[in-house]
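Notes follow the structure.
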Amino acid sequence: MECIENRNESADIVNIKKTILAAICFINEYYETYICKTPCMISSYRGDKWIEELLQGHPTRFHNMFRMSQAIFLDLLKELECVHGLHGSSRTTSREVLAMTLYILSHNESIRFTCERFQHSTETVSRYFSIGLEALVKLSCSMIKPIDPQFGDIPRNILYDHRYMPYFKDCIGAIDGTHVDARVSNAEKAAYIGRCGSTTQNVMAICDFNMCFTFIMA
0 MECIENRNES ADIVNIKKTI LAAICFINEY YETYICKTPC MISSYRGDKW IEELLQGHPT
60 RFHNMFRMSQ AIFLDLLKEL ECVHGLHGSS RTTSREVLAM TLYILSHNES IRFTCERFQH
120 STETVSRYFS IGLEALVKLS CSMIKPIDPQ FGDIPRNILY DHRYMPYFKD CIGAIDGTHV
180 DARVSNAEKA AYIGRCGSTT QNVMAICDFN MCFTFIMA
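Start counting the sequence shown at 0; every next residue gets the next number (numbering that gives the first Met the number 0).
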């Protein structure tokens with residue numbers, strides 16, 4: 000009996016030591032990851048400084064990066080800030096939030112490469128990309144809509160063209176669809192594979208006779 004008790008006590012001691020060792024390893028990993036972190040993005044040439052250089056530089060450079068001119072960028076920034084809730088923080092300006100969002104969308108860029116370009120963490124870039132994207136979606140909802148939701152007037156292109164009037168007097172626009180390349184998780188990939196074998200998003204759009212989009216669905 001005494002031998003069995005000694006064996007049980009030894010097993011308990013071993014289990015306690017294993018538990019203590021596991022706890023020490025966990026605490027050490029947590030300390031190195033969240034408390035004693037080594038700074039990664041330490042370049043002095045940070046994102047906002049780069050944006051300022053592009054705003055003051057040649058228009059082609061700015062257009063290559065963000066697919067628009069400096070003037071349109073600033074007008075878009077003002078609209079998103081004042082009307083659609085775009086915001087930054089004390090360390091990341093709303094101008095930089097918009098620039099990061101456009102940079103990712105324009106070049107199909109990854110979060111990690113955007114982190115290096117703007118010198119922010121993956122968490123910061125991912126969070127502000129979501130904020131910038133949300134503001135752009137709100138803007139699109141306010142702009143992509145019919146000028147006259149009741150469609151009370153016959154479009155001039157039809158009204159004054161005897162080939163179409165009166166046969167197309169109730170026509171409100173043209174509709175078409177296209178496929179846009181998309182990144183999809185492996186779990187959902189099968190539903191997005193197109194006839195060419197790549198993953199795409201099916202997009203349907205309607206435009207009026209002034210070539211303005213009035214409806215988009217993806």
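Every residue, glycine too, gets a C-beta built ideally from N, C-alpha and C.
> Going straight from the alpha carbon of T199 to that of M216, what length do you get?
Replying inline: Walking along the sequence shown from the start, residue 199 turns up at place 200. Walking along the sequence shown from the start, residue 216 turns up at place 217. The alpha-carbon atoms of T199 and M216 are separated by roughly 14 Å.
> Is it a yes or a no for the segment 157-177 touching the segment 117-131, going by three-plus beta-carbon pairs under 8 Å?
Replying inline: no
>> Assuming the contact rule is C-beta atoms closer than 8 Å, R94 and I50 should be a hit. Round their C-beta distance to whole Å, please.
In response: Within the sequence shown, numbered from 1, the residue matching residue 94 stands at position 95. Within the sequence shown, numbered from 1, the residue matching residue 50 stands at position 51. About 6 Å; that satisfies the 8 Å criterion.
> Where does Q55 fall in DSSP's three states?
Replying inline: Reading the sequence shown from its first residue, position 56 is the one you call residue 55. Looking at Q55 - three-state DSSP - the assignment turns out to be helix.
>> So within the segment 124-180, which uninterrupted alpha helix (DSSP H) runs reach at least 4 residues, ignoring any that extend past its ends?
In response: 155-158
> What span of residues does the beta strand (DSSP E) with M216 cover, start to end?
Replying inline: Looking up residue 216 in the sequence shown gives position 217. Here the beta strand (DSSP E) through M216 covers F212 to M216.
> In the segment 67-116, which residue ranges form an unbroken alpha helix (DSSP H) of at least 4 residues, counting only runs that do not cross its ends?
Replying inline: 69-82 and 93-106
>> Which residues does DSSP list as the beta-bridge partners of I205?
In response: Start at 1 with the first residue of the sequence shown, and residue 205 comes out as number 206. Bridge partners of I205: I174 and F214.
>> On the CB-based measure, 16 or more other CB atoms within 10 Å of its CB, does T100 come out buried or exposed?
In response: Your numbering for residue 100 matches position 101 in the sequence shown. Counting Cβ neighbours within 10 Å, T100 comes out buried, since at least 16 surround it.
> If you draw a straight line from the alpha carbon of M203 to that of L135, how long is it in whole angstroms?
Replying inline: Locating residue 203 in the sequence shown gives position 204, where the first residue counts as 1. Locating residue 135 in the sequence shown gives position 136, where the first residue counts as 1. Using only the alpha carbons, I get a separation of about 19 Å.
>> Among the candidates S88, F214 and T59, whose CA atom is the shortest distance from the CA of R126?
In response: On the sequence shown, position 127 is the one that residue 126 refers to. Looking at the Cα atoms, S88 is the closest of the given residues.
> What's the gap between the Cα of V96 and the Cα of N107?
Replying inline: Your numbering for residue 96 matches position 97 in the sequence shown. Your numbering for residue 107 matches position 108 in the sequence shown. Distance between the alpha carbons of V96 and N107: 16 Å.
>> Taking the straight line between their C-alpha atoms, what separation do you get for Y163 and S184?
In response: Counted from its first residue, the sequence shown places residue 163 at position 164. Counted from its first residue, the sequence shown places residue 184 at position 185. Here the C-alpha atom of Y163 lies approximately 47 Å from the C-alpha atom of S184.
> If you draw a straight line from the C-alpha of E52 to the C-alpha of I26, how long is it?
Replying inline: The residue labelled residue 52 in the question sits at position 53 within the sequence shown. The residue labelled residue 26 in the question sits at position 27 within the sequence shown. For E52 and I26, the distance between alpha carbons rounds to 44 Å.
>> Nearest by alpha-carbon distance to D74: which of R90, L54 and T59 is it?
In response: On the sequence shown, position 75 is the one that residue 74 refers to. If we check each option's Cα against that of D74, L54 comes out closest.
> When the Cα atoms are used, what is the spatial distance from F208 to K77?
Replying inline: Mapped onto the sequence shown, residue 208 falls at position 209. Mapped onto the sequence shown, residue 77 falls at position 78. Their Cα atoms are separated by approximately 29 Å.
> Between R111 and I19, what straight-line distance do the alpha-carbon atoms span, to the nearest angstrom?
Replying inline: Here residue 111 refers to the residue found at position 112 of the sequence shown. Here residue 19 refers to the residue found at position 20 of the sequence shown. Here the alpha carbons of I19 and R111 stand approximately 37 Å from one another.
>> When you compare the CB positions of F72 and I143, do they come within less than 9 Å of one another, or not?
In response: For this step, residue 72 is matched to residue 73 along the sequence shown. For this step, residue 143 is matched to residue 144 along the sequence shown. It is not a contact, given that the beta carbons lie outside the stated cut-off.
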